[in-house]
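Read through the structure below, which is laid out as structure tokens, and then see the notes.
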Amino acid sequence: MTATASINLRISDEEKALIDQAAQSLGKSRTAFILENTLRLAEEVVLDRTRFTLDSTQWEQFGAALDNPPSEEQIEGLVTLFNAKAPWQQQ
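Residue numbers for the sequence shown follow the numbering used here, beginning at -11 and rising by one.
Now the structure itself:
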């Protein structure tokens, strides 16, 4: 894959020095170090929000929850949750 996009960052001298030290200790360029670690973290974040794993007991509980209608208490809890403002929306 040919790299055609660029990202520009403004960081402190101390942050740059730390990144350079870490990259050098791994025998990598600053760009390679930043790119590899940023991509790894980005993949973890995306996977954490799109995939989940369950052991056999948890899978059975999950299946049972899907097979049974929610209780009134659970429905009320969801209504409350969906009507609540996110922490960053609160003033």
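All C-beta atoms in this analysis are idealised placements derived from N, C-alpha and C, irrespective of residue type, glycine included.
Among Leu42, Thr38, Gln9, nearest to Phe21 - alpha-carbon criterion: Gln9
Reduced DSSP category for Pro75 - H, G, I as helix; E, B as strand; rest coil: helix
Which two residues bound the contiguous alpha helix (DSSP H) that contains Leu27? 18 to 38
Reduced DSSP secondary structure (H/G/I, E/B, other) of Ala(-9): Coil at Ala(-9), not helix or strand.
Endpoints, the alpha helix (DSSP H) within which Ile7 is located: In the DSSP assignment, Ile7 falls within the unbroken alpha helix (DSSP H) covering 1 to 13.
Return the chain-ordered list of same chain residues with a C-beta closer than 7 Å to the C-beta of Phe50, the five sequence neighbours on each side being excluded. Leu42
Keeping to the same chain, check which residues put their C-beta closer than 6 Å to that of Ala11; ignore five residues upstream and five downstream. Closer than 6 Å at Cβ, skipping near neighbours: Arg18, Phe21.
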